[in-house]
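There are 2 protein chains.
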Amino acid sequence: MSKKLNIGLFGFGVVGQGLYDIIKTKDLNIEIVKIAIKNPEKERSLPKELFTTDRNEILNNPEINTVVELINDTEAAFEIVSRALSTGKNVVSASKKMIATYLEELIELQHKYGTSLLYEGAVCGSIPIIRNLEEYYDNELLHSISGIFNGSSNYILSKGYLENLDYDSALKQAQDLGFAETDPTMDVGGYDAKFKLIIAAAHAYGVVIDPNEVLNIGIQNLSPHDLQYAREKKLKIKLVPVAKELDDRHVTLFVLPKFVNETEFLYNVEYEYNGVTVQAAFADQQFFFGKGAGGHPTGSAVLSDIAALRYDYQYEYKKAKGANNLQFTNNVEVNIYLRYDDEALVEALEFEHIQERFYSGSYKFVIGKINLQKLIDNQQSIADSKAFVAFADQLTGVSLAAAKHEAATV
Amino acid sequence: MSKKLNIGLFGFGVVGQGLYDIIKTKDLNIEIVKIAIKNPEKERSLPKELFTTDRNEILNNPEINTVVELINDTEAAFEIVSRALSTGKNVVSASKKMIATYLEELIELQHKYGTSLLYEGAVCGSIPIIRNLEEYYDNELLHSISGIFNGSSNYILSKGYLENLDYDSALKQAQDLGFAETDPTMDVGGYDAKFKLIIAAAHAYGVVIDPNEVLNIGIQNLSPHDLQYAREKKLKIKLVPVAKELDDRHVTLFVLPKFVNETEFLYNVEYEYNGVTVQAAFADQQFFFGKGAGGHPTGSAVLSDIAALRYDYQYEYKKAKGANNLQFTNNVEVNIYLRYDDEALVEALEFEHIQERFYSGSYKFVIGKINLQKLIDNQQSIADSKAFVAFADQLTGVSLAAAKHEAATV
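Chains C and P are the protein sequences, given in the same order.
Quick note: the first sequence, position 152, residue 152 per UniProt numbering, numbers continuous.
Quick note: the second sequence, position 75, residue 75 per UniProt numbering, numbers continuous.
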C-alpha cells in the first residue's frame, strides 16, 4: 500500500534536524539517503558520509525518489525543487518565499511531470492549514482567512507586551531559539507572513498572486506610545495577514499590525504560537492554533507531508480549476490607526473619513478610513517617517461575515 | 477523476436540510436520488416523489452508490449502515452513538467488503478533527485530546454563566435552535460528548472502547453555589471529555465538568461552539475551534465526507494497526471538586488526598485526589444525592505533557 521513500534532504538547520529527530523515533519505511549542506566544516551530529556539498549527488541519484528542501536560498531552492519535480522526484519544501514567488511555475511543473510538491511546513509550522484548505474546505465558500502567521514577530510582540522586553533583546532571543529568519526584516517586516498568506490564498481562493502586489507593513515602527494606547483600550497589537473575499468576483490580501480585543482568539496567541481564523459560509467561524516555528513543530508538518507522499498524495488546487475565478484587488477601504510625526503623510494618505484624531507634543495619531492602495503608494514615506500603521477594524473572527457586506468601492 | 455520486439520504431533519441547502449551491456531480423519512405526513420543502418511507427503495437500488445516514434511531441506523456497507455502498454517517457503540463491527465491515464509512459530521460538527487525526497526526505521538464536544450543553452553560438564564429556559432555547438531541440527557449528561470522545480516541490511539466502560458525569447537578465558586475564582465551568495517554501502554478516557481558567482556549468557547485541544509530542499543543452543532456546520462536515467519497477516500485506522497497542484503564488519579450534602458520599469516594474542604449550612464542598474508578463505582449515588463533581486540575492544554508523568497508580 505505502511505498518506501528514499529521501535526499537539502539543508540541515533547525527544521532539518527536527525532522531527523522525529523520523528516527518511528518505523515509517522512510530513509534519509543523503543530506546536502553548504558548509562541510560545521560539526554534525551524524556520520560524515551522510553529507555532501554537491546537490547532484541527490538530484542525479535514481535511488532517491523524494526530495525534502529546507534551505534558505530562494533561487537555489527553486532550482533544486524544479529540477527534482521535472525528473520524477516528489518534493516536500518549507521555503515559503520560494513557493510564494514561483507558485505558478511550481503548479505547472507538477501538472507537466505528474510529480507532487507538498509544503505544509511552509505555512504556520505545525498547523495543518494547507491540507485543510485543500481537502476539507475544498467545496466551502470562504469569506476570509487571517491570523498570526509569523512566530518570531509574535514572539517579539509578546515579549514586549507581557514582559516589557525591548525590541532588540526580544529579537535576539527569537533568533537564539531558532524562530527567526536569517534576515529579521523577513519576519518583523511582514514578508514571511505575506508569503504564507499568498500560499494559503492559492488553496482557499484559487488565486495565484505576485507578492509584490500585496501590501505588507510590519512592526518595526511600533513605539511605546502605540503599546500604551493598546493597553489603555484593553487591546493587544498583533501582526495579522488577511485574505478576504469582497464579493463574488474579488479578493483582497494584505499584512498589517492589528488591534485585537480579548474576545478574539488571536488575543491569546502568544510567543512563537500561530493561529489561523477561517470564516466559511456554511462551516462558519473556525480557528486553528499551534506552534508556528521551531524545529519539531515544523519538522512534524514536513513529516506529515513526507508520509502523505508514500501514498502519492498531491494538491489538486481544486479552487483554481473552479468556474468562479476571483480577481485580486487593492481597491478596498480599510480602517487604520496611524501614529505619525509629519502632517504631510496624513495629507498624502487622503483619508476618506476621519473618526478620531489626537494631538500632543510627542504623540499624534489619527484613526480613519482610507483606500488600501493609498497605503501601498505611501509605503516608503511611512517607513522613512517611522510612522506606525495598524488595522483598526474588528476584521477578524466572527465580525468578518458582516464586514464582507460593507467592503466598499470595489 | 472524481466519480458521480448518487445519494440515498436517510433522515431529513436539521442536518439533512442543511446538507441539501449546501449541495444545491454547488456543482459537485452529486445527486440526492431518494430521501427516506419516518413521517410521510410532515410538510416538506421538496417534491413529494423524492421521499419514501421504505428504506429498501434506497438499500436495494443499484443506482445508489452512496448512503448518507442522518437519523436518530441507533439500532435502525446501524442496520441501515451495515446493510449498505455490505452491499457495496459507501456511507457517510453523523450518528455518534451508533458509531461509538458499533465501531468494532463497522471497522470489520469496511475491511470485509472494501467499502468506506466516513463520519466527520458525527464529531464536533464543523471541526475536521477526525480527518486531521487520521491524516495529519497519523505518525504523531498524541499525549491527549480534550475539549468541548457538545454544543447544546455548552450553550446552556454559556447562557447560565454569561446571561444568568436558568437551566430549563436555556435547554428549551438550545432545542428550538436545533442544537439539542431529542433526549436532553444525551447532551447534558455527557453521553453525546462521550460517544464523540470514543470515536476520536479510535483514530488518535487506535483503541476501540465500549462506551459503558467510560465515565460520563454531566452538568445536571450544577448549582448556583458551583457557579458562584467558579466566578469568585475567575474560572468557568465547561463539560470536558478527556482522552489521555498515561504511559506507553495505557490510555484513559472520561467526561467530566471542568474548571477552566482564562488562559485556556476552552475558556472562550461559548454557546454552540466546540473546541478540541490536541497535545502532540512534536507538533506540541494544537487547538481547533468551530461550530459544533446546527444544520449548516454539521452539514458542511457531512458534505466534505461525501466529496471525499468521490475519490474513494477511506479511513485507515492506522494507529490501530500500529505495533504499540495501548490499553484502556480507569485506574488513574484525578483531582476533583465535589459539592455534596451527604457526608457518606465523601466517605464512599475514599479520597486519597484532601486538599481543601469547605462547610457552611447550605454549601459543602471538598477538593482532592481520588481514583477514577471510585467515581464510576459511586456514579449512581452522586446522581441521586444531586452532588456536583468537576475536574479540578489544569489537565488540558500545555500542562497535559507534565500531567502525563504524574499519572499515578497505573
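Positions of the beta carbon are idealized from the N, C-alpha and C atoms, including for glycine.
Along the stretch 135–155 of chain C, the positions whose C-beta sits under 9 Å from a C-beta of chain P are 135, 136, 137, 138, 139, 140, 141, read in chain order. Interface with chain C (8 Å Cβ-Cβ cutoff): residue 268 of chain P is included.
Residue-level contact check: residue 362 of chain P does not touch chain C, since none of the beta carbons of chain C fall below 8 Å from its beta carbon.
By the Cβ neighbour-count rule, residue 169 of chain P is exposed, with fewer than 16 other Cβ atoms within 10 Å of its own.
Only 297, 299, 300, 303, 304, 307 from the stretch 297–309 of chain P bring a Cβ to less than 7 Å from some Cβ of chain C.
For residue 69 of chain P, the closest C-alpha among the options P:10, P:158, P:209, P:187 is that of P:10. For residue 295 of chain P, the closest C-alpha among the options P:133, P:130, P:96, P:16 is that of P:16.
Contact note: residue 177 of chain P does not reach chain C at a C-beta cutoff of 7 Å; the least C-beta distance is about 14 Å. Against residue 258 of chain C, chain P offers no close residue; the least beta-carbon distance is about 18 Å (beta-carbon pairs closer than 7 Å).
Nearest neighbour of residue 239 of chain C by Cα position, chosen from C:272, C:39, C:228, C:90, turns out to be C:272. Interface annotation for the stretch 278–291 of chain P against chain C: 278, 280, 281, 282, 283, 284, 285, 286, 287, 288, 289, 290, 291, criterion Cβ-Cβ distance under 9 Å. Around the beta-carbon of residue 277 of chain P, 16 or more other beta-carbon atoms lie within 10 Å, marking it buried. Residue 126 of chain C belongs to the set of residues whose beta carbon lies under 8 Å from a beta carbon in chain P. DSSP, read as helix, strand or coil, puts residue 313 of chain P in coil. Residue contact with chain C for residue 331 of chain P: absent (no Cβ-Cβ distance below 8 Å to any residue of chain C). Assigned with DSSP and collapsed to three states, residue 168 of chain C falls in helix. For residue 26 of chain P, the residues of chain C that pass the 7 Å Cβ criterion are 139, in the order they occur in the chain.
Not a single CB atom of chain C sits nearer than 8 Å to the CB of residue 51 of chain P. For residue 7 of chain C, the number of other beta carbons within 10 angstroms of its own is at least 16, and it is reported as buried. No residue range can be given for residue 263 of chain P, since it is assigned to no alpha helix (DSSP H) and is classified by DSSP as neither H nor E.
A distance below 8 Å between beta-carbons, with the five flanking residues on each side excluded, links residue 257 of chain P to the following residues of its chain, in chain order: 217, 218, 219, 222, 237, 238, 239, 240, 388, 389, 390, 391.
If you draw a straight line from the Cα of residue 166 of chain P to the Cα of residue 158 of chain P, it is about 11 Å long. When DSSP states are grouped into helix, strand and coil, residue 298 of chain P belongs to the helix group. Contact between the stretch 126–135 of chain P and the stretch 240–253 of chain P is absent: fewer than three C-beta pairs spanning the two stretches fall below 8 Å. Assignment of residue 216 of chain C by DSSP, reduced to helix, strand and coil, places it in the strand class. Judged by DSSP secondary structure, residue 349 of chain C falls within the alpha helix (DSSP H) whose first and last residues are 343–349.
Nearest to residue 229 of chain C by C-alpha distance, out of C:247, C:259, C:346, C:139, is C:259. Contact annotation: residue 59 of chain C and residue 84 of chain C have beta-carbon atoms nearer than 8 Å. At least one CB atom of chain P sits nearer than 8 Å to the CB of residue 22 of chain C.
The C-beta of residue 286 of chain P has 16 or more other C-beta atoms within 10 Å across all chains shown, which makes the residue buried. Note on geometry: alpha-carbon atoms of residue 64 of chain P and residue 89 of chain P lie some 8 Å from one another. For residue 239 of chain P, the enclosing beta strand (DSSP E) has its first and last residue at 235–245. Nearest neighbour of residue 82 of chain P by Cα position, chosen from P:100, P:52, P:117, turns out to be P:117. In the three-state scheme derived from DSSP, where H, G and I count as helix and E and B as strand, residue 386 of chain C is classed as coil. Close CB contacts of residue 197 of chain C within its chain, under the 7 Å cut and outside five residues either way in sequence, are with 149, 241, 243, 253, 255 (chain order).
The alpha-carbon separation between residue 282 of chain P and residue 130 of chain C amounts to approximately 19 Å.
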